[in-house]
Structure formats: structure tokens, C-alpha cells
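Residue numbers (UniProt numbering): 1 to 872. No residue lacks a Cβ here, since even glycine has one placed at the ideal position from N, Cα and C. Single-structure report; data block below.
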């Protein structure tokens with residue numbers, strides 16, 4: 001959803017647009033934390049999981065004149081809420097798919113969300129991929145499970161925006177939403193309510209009932225069951241409760257002052273009961289003097305006296321008419337006052353609630369203008385200096401389309417300055433044909449047309465016209481001649497045929513790009529002149545331009561040839577100089593190499609003699625040192641042998657002593673080892689016995705909860721049973737998770753029994769059948785016709801086929817009779833429109849029952865698994 005901002009802001013060169021943004025992703029990846037950081041600049045370390053969806057708004061300024069407002073839908077990531085996601089990203093302008101960079105599986109879920117958005121969402125939706133929890137990776141790099149390069153490559157391949165964010169440190173959070181705002185088409189923002197397929201006032205996040213919203217709009221709604229709408233009626237103001245809009249049976253008090261319907265009170269077909277005053281007038285005969293009258297004039301005084309003396313006339317109904325007009329006046333004034341109050345309240349509430357804002361501005365006449373006026377006043381109050389930037393009057397954008405006349409503005413055509421036409425223009429056209437024939441004969445373009453262009457002016461007529469036609473027919477394939485021309489008859493004055501279109505000019509592709517561009521521009525001008533049939537007027541100028549262009553092309557070719565020739569001569573001279581210098585260099589290098597080689601040989605011989613002498617001296621020194629080392633090594637070996645003998649003697653003595661000691665203490669060590677093994681065995685069996693007892697207690701607690709639910713004749717709380725079950729399970733994560741999945745209202749108030757659900761389904765089915773034929777935007781007539789037709793509808797039996805309301809109700813009843821609550825809930829969930837709305841409360845009760853049963857089955861399965869582990 002995208003909409004424009006206040007008209008005042010648009011009139012002053014400022015842009016204000018709002019867009020719908022939805023956050024998607026797996027549970028616990030940090031979607032709500034990102035939104036909280038962006039909207040309120042806060043972070044909650046122990047934030048609970050989102051249930052259903054949360055709605056927030058935030059505005060950002062891209063520059064001084066551009067403001068973007070995001071309507072953010074933060075969806076729940078649990079698997080059970082996945083079916084509700086299409087309702088949130090429908091008509092969304094942008095989406096943020098969040099994944100956890102410390103969990104490898106979250107990126108796969110994010111890819112699945114991206115594919116779903118690309119397949120089912122708006123085709124122009126802007127999608128951003130955000131990897132959250134960057135702070136964990138910064139502190140401990142080994143926690144990263146998804147490389148940034150891998151996610152960035154996928155985002156580039158899918159055409160997504162990519163950011164790695166941290167809701168805790170606010171890193172890249174605002175940059176993410178700013179990049180999305182810059183990507184959005186701000187210049188193509190449509191009207192506020194251009195989206196289709198959405199019913200006004202219908203949303204899971206709507207905090208007020210449909211009756212209260214339509215009561216503010218003074219529109220009737222459909223009849224509904226009193227039990228379902230009782231809470232909504234109690235929460236409404238007294239003024240709205242008095243106007244029941246025929247939602248249910250009227251109270252006796254509301255029948256005292258009945259407003260007139262489309263009929264009049266005096267119509268014989270009206271069934272409106274007479275008021276107490278009218279009944280007293282009809283029952284008793286009232287004297288004429290008791291009837292309230294206007295003060296009589298002096299002229300009518302005699303007439304009044306005669307009437308008093310005569311017999312009292314019958315009742316004329318004047319009091320009844322005054323009573324009717326008085327009621328009508330009271331009704332109109334009350335209606336105007338209530339309408340004004342309701343309209344003002346609607347405008348005020350639209351500034352607070354965005355959902356009501358959409359409903360009010362779309363369906364209430366002049367609602368959008370009033371809301372925009374208040375927004376403009378607030379905008380001017382917040383930014384008082386903006387109104388003084390421009391000069392001149394600024395008008396409010398009333399939404400009317402601006403029409404620009406087809407002939408307004410500038411044109412490519414040159415205004416006709418009164419150039420003489422007629423036979424003189426024909427002579428010019430014929431001269432052009434002669435020039436075209438001459439050019440066709442020439443093998444190469446020359447600059448002659450430039451000199452021939454001014455010649456046709458002094459010639460009023462041209463005799464050799466037939467000759468160019470014969471030559472022109474050879475190349476007249478691309479030229480289109482007007483078919484309206486007819487040759488003159490014998491008795492008619494001579495006239496010349498219309499000028500043929502100007503031929504375009506082409507050059508080979510190997511020519512200069514500048515010449516190609518000039519030829520392309522000239523061809524565009526020729527095409528425009530031919531399209532406007534102005535070739536007779538501009539033919540000579542175009543031919544002159546073509547000749548000049550050909551001349552320029554020839555000059556460029558000549559310049560290129562001269563440059564190439566000059567360059568070739570220079571290259572040849574440089575090559576000769578290079579060869580001469582290379583030969584001289586080679587001769588000098590060879591002489592230097594011979595001299596250097598002789599010097600190296602002499603130095604090599606001297607160095608070899610010096611090395612040989614040094615080697616002999618070093619060899620003698622090494623031999624002397626080796627002799628001394630061998631003597632020292634022999635002495636050390638003798639000392640080592642003496643020490644080893646002493647060490648072996650000491651080990652032998654110690655060994656004998658240890659053998660004697662081990663013989664006495666060996667039995668004590670074996671006895672201690674046996675005692676420790678027996679203690680370990682006893683401790684293990686104690687653990688097995690404790691686990692077995694805990695498993696049995698868990699089975700008993702589960703059965704106690706199940707028995708409490710099955711034996712109850714009416715819903716009753718089972719908090720004590722759940723508390724006992726949780727204490728027995730201790731720290732079992734599976735049992736705790738199953739208990740946490742149960743709706744708190746289920747164990748605080750109890751769940752409905754199967755009989756209660758079946759009885760309530762019968763009542764709901766009756767109301768659903770009444771509204772089964774209603775369209776989504778039904779009025780009073782549709783409600784009445786649906787109510788009447790539902791009485792004559794045939795009821796089906798068994799598992800009836802079809803997607804109509806009656807078939808779904810029949811299958812649901814069959815599943816309830818068989819005890820299949822899951823199947824019945826699935827069938828009722830397939831309803832649409834008013835039928836789905838009427839059955840929503842019943843579906844909620846069934847879901848609570850199914851959730852409780854599912855949790856008990858999970859706990860029982862966990863207990864059975866624990867018992868199997870004990871047996872293993």
C-alpha cells in the first residue's frame with residue numbers, strides 16, 4: 001500500500017509517501033528486535049515471541065524534501081502461523097526477510113520465504129535479505145554459521161538488497177530501511193487506496209468490532225447472533241447502542257420513538273403503531289377551542305365566532321401534521337448533530353489508528369479531504385518555515401486530472417513565414433528530382449549539389465520534367481508517392497505531381513563514428529520532414545546538408561589517408577635508425593664481452609689458488625680437533641659404564657624389597673576394588689528405580705489431566721493438574737514445551753466438551769446458513785434476501801461433495817458426529833466471507849481443544865519414550 005502525503009507538502013515541493021513493509025523469517029531470528037530498534041531505538045534481551053503479527057509505523061527522511069512512512073507488519077515466525085503470512089504480505093510494497101547468521105538452517109527458511117514472495121506477492125515488491133545477530137559474531141567469530149559471501153552471492157543472484165544487522169548494537173538497522181526507502185518508486189506513488197482485494201475493516205490486528213466501525217460510518221450491518229456480538233455491544237457508546245441498525249431484536253424502549261422509514265406515517269401500507277397522542281385524538285372528540293391554533297387575524301375573527309356558534313367541525317388532522325413535522329425536525333437535527341459528532345470523531349480517530357484511517361478515508365464522503373486538511377495543518381505547525389520558501393499562491397490538490405491540450409506547447413516544425421507556394425514550389429520539387437537523377441548516375445558523391453541548390457529559384461516552370469522521372473523510377477523502391485495525384489486532363493491547366501519524399505543518406509559501417517552519428521541525425525530530420533509532407537519546402541536545404549556531409553566524409557577520408565601515409569614514412573625511418581643503432585650496439589657489446597671474459601678467467605685462476613691454500617690449512621686444523629674429541633669420548637664412555645653398574649645394582653635391591661611387600665598388601669587392594677565396584681552397581685540401580693518411578697508418576701499425571709477433561713460436564717480449569725504434571729516432569733524440555741504451547745485461557749477457564757462444541761456448532765450453522773448467500777460488500781437488501789433464501793435451501797447429508805457453505809457445514813457435522821474435531825475444524829476453516837466471520841469464535845474454541853489434546857499426546861509419548869529408555 002502506497003499513498004501520497006498531505007497536499008500542502010506536495011504543493012511546496014515536498015514529497016511524503018507511505019508504504020506497507022512486512023518482516024518475514026523463522027522464529028527467534030530477531031525480527032521484532034529489529035523493528036523495536038528501528039521504531040523506538042530500544043532493545044529487549046528477553047522479548048517474547050510474536051503471536052500472529054504486530055503493527056508499527058515509523059517515518060524516515062531521505063533528504064530535506066522527501067519523507068517516507070513505513071507501515072510495518074512484524075509477523076510471527078512459528079510454523080503454526082505460516083498460513084496467515086499471505087494475508088500480511090498481500091499488497092506489500094517492500095519486505096525484509098530476516099535470518100540468523102549463527103544458524104545454518106535459517107538461511108534455507110529465508111530462501112523459501114523469498115521464493116514465496118517472488119511467486120505470490122506484488123511483482124514490483126522490494127525484497128531485502130537481512131542477516132541478524134552480528135554482535136554475537138563480532139564477540140565470538142567461531143559462532144558464525146553462514147558466511148557473508150554466501151548470503152551476499154544469493155542476494156545478488158535473486159536481485160535482493162543485502163545487509164548484516166545487529167538489533168542489539170543498532171548496526172546497519174537504519175541503513176537497511178533507508179536503502180529500502182531509496183529503492184521504492186517515490187515518483188510513482190499512487191492514490192492512498194488504490195489496492196484491491198482487501199475488505200475494509202477486516203484484519204487480524206483490528207482492535208474494534210465490525211459493528212462499532214460501521215456504526216461510526218452510519219452504515220447498517222448484517223444481523224448476527226446476540227451471543228457472538230454481546231461483548232462488542234457492551235463496549236460501544238450509548239449513542240451507538242441506541243442505533244442498533246437492525247443487528248438484533250429491538251428492546252421495547254426503542255419502539256417509543258420510531259423514525260419513519262421510506263414510507264410515510266399517513267400511508268395505509270405503513271405498519272407503524274400510532275403514538276399515545278394520536279391514539280387519544282382518535283379515541284376522544286376534542287372541541288374546536290381545545291385544538292391549538294395560530295393567533296387569528298381581525299379579518300378572520302367573525303369566521304371564528306360563527307364556527308364557535310355552529311356545530312364543532314370534525315378533526316382535520318392539523319395537530320397530527322404538526323406532530324409529524326416536529327418529529328421530522330427533531331430527527332433531522334439529531335441526525336445532523338450525531339453525524340457531525342461521528343464525522344469529527346472519525347477524523348480524530350483516523351489520526352490515531354491507521355486501519356481506521358484507511359476505512360474512514362475510503363468509505364466516508366469527504367473523509368479523506370478532512371483528514372488531509374488536518375494533516376496539512378499539523379505539517380505546517382511542525383514546519384512553519386517551509387510555507388515561506390516559495391512565492392505565489394499554492395492551491396490544494398483536489399485530485400482532479402490535469403488535462404493538457406494536444407496542440408499546446410512547442411513543436412519541432414518551423415513556423416511558416418509566408419513563403420510563396422503554388423507553381424513555384426512545384427518547380428523546386430522538380431529541380432530536386434533532376435538532382436536526384438544526376439546523383440544516381442554519378443559513381444561517387446561530389447560537392448556539386450551545393451552549387452546547384454540555388455538555381456531552381458528563378459525558374460517558374462521546368463520543361464524537362466519527364467526525363468528525370470524515367471531515371472528516378474529505377475531507384476524509387478523506398479520512396480512513397482502520394483496516391484491522390486491525378487494527371488491533368490486536356491482541357492485542364494497543367495500541374496506538377498507532388499514532390500517525392502527525401503531519400504535518407506547512408507555510409508558504410510567502417511566510416512568514422514562522428515559521420516555515422518551526423519548521418520543518423522540527418523536521417524531523423526529527413527524522416528520527420530517526410531512524415532510532415534514538408535519535403536517540398538526543405539528539400540533543397542536537406543540536399544545541401546547531405547552534400548556537405550558527404551564532403552566532410554571525403555575530407556575525413558583524405559585526412560586519414562594522409563595521416564596514415566605520413567605515419568608509415570615516419571615508422572620506416574624510425575625502423576632504419578633502430579636497425580643501425582642495434583648493429584652498433586651489438587658490436588660494442590661483443591667487444592666488451594671479450595674483454596670481460598679475459599678478465600674473469602684471470603681472476604678465476606687467482607681465486608682457485610687462494611681457496612686451495614685456505615682449504616689445506618683448515619683440513620689440518622680439523623684433523624687435530626678430531627683426534628682430541630675421540631680421546632675425550634672414550635673417557636666419557638668409561639665413566640658412563642661405571643655409573644650404569646651402580647644404578648643396576650640399586651634397582652635389583654629395590655625390586656627384591658618390592659616383591660616381598662606386594663605379597664602381603666596385594667590381597668587388601670583386591671578387596672578394596674571389589675567394594676568400589678559393588679557401590680557403583682548399587683548407585684546405578686538406584687538411578688534406574690528413580691527414573692522408573694518418575695515415569696510412572698508422569699503417566700499417572702497425564703491420565704489425571706485427561707480424566708479431568710473427559711469427566712467434566714462443563715468447562716472447568718485444570719491448572720492444578722498441569723502444575724502437578726510440570727512438577728513431576730521436573731526439567732524435561734519436551735514436557736515444558738508442550739505445556740507452554742497450551743493457550744493460558746484454556747487451562748484457566750477450561751475447554752469445551754465435545755457435546756458443547758456440537759451444540760454450539762448447531763447454533764453457528766444456523767447463522768452461517770442465513771449468511772451463506774451474502775457477498776462480501778452486502779447491503780440490507782442482500783441480508784434480507786439471504787435470510788429468506790436460506791429458509792428454502794435443501795440440507796445435505798453425509799460427506800457431501802462441493803465447496804459451497806451447505807456442503808462444508810454437512811461435512812463438519814458428520815466429522816463432529818464421528819468425533820473427528822480436527823477434520824471438522826479444517827472444513828470450517830475453508831469458509832470465506834461472512835460465513836468465516838460468524839464461525840470464527842467456534843473455530844477458536846475447537847483450536848483450544850485440539851491444542852490441549854495435542855499437548856497431552858506429546859507428553860504421553862515422551863513418558864512412553866522415557867519408559868522405553870528405562871527398559872533398554
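According to DSSP, is residue i helix, strand or coil?
| i | result |
| --- | --- |
| residue 50 | coil |
| residue 836 | helix |
| residue 806 | helix |
| residue 646 | helix |
| residue 168 | coil |
| residue 135 | helix |
| residue 682 | helix |
| residue 256 | Residue confidence for residue 256 is low, a pLDDT of 41 falling below 50, so the modelled location carries little weight; the figure read from the coordinates is stated next. Of the three classes helix, strand and coil, the one that applies to residue 256 here is coil, per DSSP. |
| residue 562 | helix |
| residue 25 | strand |
| residue 343 | helix |
| residue 364 | coil |
| residue 74 | strand |
| residue 81 | helix |
| residue 351 | coil |
| residue 130 | strand |
| residue 61 | strand |
| residue 67 | strand |
| residue 41 | coil |
| residue 100 | strand |
| residue 140 | coil |
Within 10 angstroms of its Cβ, does residue i collect 16 or more other Cβ (buried), or is it exposed?
| i | result |
| --- | --- |
| residue 26 | buried |
| residue 133 | buried |
| residue 673 | exposed |
| residue 586 | exposed |
| residue 896 | Absent from the model: residue 896. The displayed extent of the chain is 1 to 872, so no value can be given. |
| residue 53 | buried |
| residue 698 | buried |
| residue 813 | buried |
| residue 622 | exposed |
| residue 155 | buried |
| residue 873 | The structure shown does not extend to residue 873, since the chain is modelled only from 1 through 872, so no value can be given for it. |
| residue 89 | buried |
| residue 540 | buried |
| residue 595 | exposed |
| residue 251 | Confidence in residue 251 is poor, its pLDDT being 45 and thus under 50, which makes the residue's placement too unreliable to answer from. |
| residue 679 | exposed |
| residue 940 | The chain is shown from 1 up to 872; residue 940 falls before or after that span and cannot be answered. |
| residue 722 | buried |
| residue 631 | exposed |
Would residue i and residue j be called neighbours here (beta carbons separated by less than 8 Å)?
| i | j | result |
| --- | --- | --- |
| residue 68 | residue 59 | yes |
| residue 21 | residue 70 | yes |
| residue 77 | residue 153 | no |
| residue 136 | residue 73 | no |
| residue 32 | residue 47 | yes |
| residue 862 | residue 675 | no |
| residue 357 | residue 371 | yes |
| residue 824 | residue 816 | yes |
| residue 505 | residue 530 | no |
| residue 15 | residue 184 | no |
| residue 725 | residue 765 | no |
| residue 131 | residue 101 | yes |
| residue 702 | residue 866 | no |
| residue 98 | residue 30 | yes |
Please report the Cβ distance between residue i and residue j, rounded to the nearest whole angstrom; I am assuming they are in contact, meaning their Cβ atoms lie under 8 Å.
| i | j | result |
| --- | --- | --- |
| residue 694 | residue 739 | Contact doesn't hold; Cβ gap of about 16 Å is too wide. |
| residue 741 | residue 855 | 6 Å |
| residue 121 | residue 95 | 7 Å |
| residue 107 | residue 167 | Wrong, their Cβ atoms sit about 18 Å apart, outside the cutoff. |
Examine the Cβ distances between the segment 839 to 857 and the segment 756 to 768 and report whether three or more of them are shorter than 8 Å.
-> The segment 839 to 857 vs the segment 756 to 768: in contact.
Can we say the segment 158 to 178 touches the segment 121 to 136, given the rule of at least three CB pairs closer than 8 Å?
-> Cβ pair count under 8 Å is three or more, so yes.
Tell me, please, whether the segment 546 to 565 touches the segment 503 to 521 by the rule of three or more beta-carbon pairs shorter than 8 Å.
-> A contact is defined here as three or more CB-CB pairs under 8 Å, and the segment 546 to 565 meets this definition with respect to the segment 503 to 521.
At least three beta-carbon pairs within less than 8 Å, the segment 173 to 182 to the segment 140 to 151 = In short, these stretches do not touch, since the Cβ pair count stays below three.
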